[in-house]
Every structure is written in structure tokens, then in C-alpha cells.
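Input: a single structure, listed below in C-alpha cells.
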Amino acid sequence: MRPLTDIEKRAQTAVKKLRNETLQQGNPFMIYNKNLPVGKYYMEYPDGKIKIVSVSRKLNDFVIESELTKQQADQIRSRLNSK
């Protein structure tokens with residue numbers, strides 16, 4: 002894996018800060034992951050749960066597809082915090 006450029010490092014820092022602030026305010030934070038199917042996202046909640054969601058244009062909201070186990074959520078969070 003190639004080293005991050007300065008702008009990529011700054012972007013990563015900004016996203017981490019935004020994620021932490023959003024969760025501290027009691028709001029969920031959506032996480033894009035290229036390994037999920039198209040149209041699916043991780044939604045991290047302040048209580049530590051992470052769910053896989055999709056967007057419903059009809060409902061104008063997110064639809065919960067599944068919830069990760071605590072172990073799976075911890076693995077995702079570990080990857081996010083290590084970057």
C-alpha cells in the first residue's frame with residue numbers, strides 16, 4: 002500500500018474529527034466502505050452499534066439491512082481508528 006499524500010492525511014484527520022464530533026453530539030455517522038455492495042453503508046451509532054443500511058428514496062430515510070455483532074463492530078471501529 003502506498004503512503005498517503007499530505008492532502009490525504011489532512012482529509013483523514015478531518016473525517017476522524019467529524020466522526021467523533023457527530024457521535025459525541027448523539028447523532029449517527031455514515032461510513033462508506035468499498036467492500037460493501039453498491040448502495041450499502043455502515044451507520045455507526047453513539048451507543049457503539051454499527052448497522053448496514055441502504056438509502057430509501059421513497060421513505061427519504063435509511064433502511065436498516067442488518068446489524069453487526071459487537072465483535073464485527075469492534076473490528077470496523079478498530080480499522081477506522083488505526084487509519
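So in my numbering the end of the sequence shown lands on 84, straight run, no missing numbers.
The beta carbon of each residue, even a glycine, is placed where N, CA and C say it ideally should be.
Where residue i falls: helix, strand or coil (DSSP)
i	result
D7	helix
D48	coil
V39	coil
Cα-Cα separation, residue i to residue j
i	j	result
K50	L19	18 angstroms
K17	R80	12 angstroms
D62	K35	21 angstroms
R78	T23	15 angstroms
S55	G40	6 angstroms
I65	P38	14 angstroms
S57	A15	28 angstroms
Residue i burial status per 10 Å Cβ neighbour count (16 or more: buried)
i	result
Y43	buried
E9	exposed
8 angstroms contact criterion, which residue i and residue j should meet: CB distance rounded
i	j	result
P4	G27	So it is not a contact: roughly 36 angstroms between Cβ atoms.
Which residues DSSP lists as bridging residue i, in chain order
i	result
M31	M44
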